[in-house]
Amino acid sequence: MSRIVLTNRLEFLVHNFLQYLPQVLQSLQRAWMNEKFAPDLLPYEDALVEMVMIQLVHMEENLASADKNNLLYIVHRMEVERIRFVVASYLRCRLQKIETYFCDNVQYPFYLFPN
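Going by numbering that gives the first Met the number 0, the sequence shown opens with residue 0, and the numbers climb by one from there.
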């Protein structure tokens with residue numbers, strides 16, 4: 000029963016992600032730039048990162064079965080790599096701040112582990 004609910008929820012998330020892909024990617028880029036240029040550690044955008052990572056897995060699965068000589072394949076592959084770069088850079092910025100300001104983060108653990 001819970002497997003069916005989880006699958007339906009995942010399909011719902013993926014469908015909504017595809018429907019609002021430009022807004023989600025724009026939000027991810029905004030979170031990345033804010034984190035990059037903010038002097039302090041900002042709250043973690045866990046829902047956004049999780050949604051993008053789930054969609055990246057699905058996109059890579061679809062690319063695995065595609066014709067690798069097709070121009071569309073190359074364009075989609077570049078887009079996947081671009082999105083993966085933004086996510087990795089966002090997480091790298093956060094890790095660097097955590098390492099740099101570890102003593103401050105111990106006083107405010109909700110920035111490290113929300114909920």
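Note that the Cβ used here is the ideal one computed from N, Cα and C, for glycine as well.
- The Cβ atoms of V85 and L27 lie closer than 8 Å to each other.
- Cβ contact annotation for C92 (same chain, cutoff 8 Å, sequence separation greater than five): W31, E34, K35, in chain order.
- Cβ-Cβ distances below 8 Å link V79 to L55, M58, E59, L62 in the same chain, with the five nearest sequence neighbours on each side left out; the list follows chain order.
- Contact between Y100 and L40 is confirmed by a C-beta separation of about 7 Å, below the 8 Å threshold.
- Collapsing the DSSP output to three states places A63 in a helix.
- Excluding the 5 residues flanking it on each side, S88 has same chain C-beta neighbours closer than 7 Å at W31, in chain order.
- In chain order, V48 place their CB closer than 8 Å to the CB of L90, counting only its own chain and leaving out the 5 sequence neighbours on each side.
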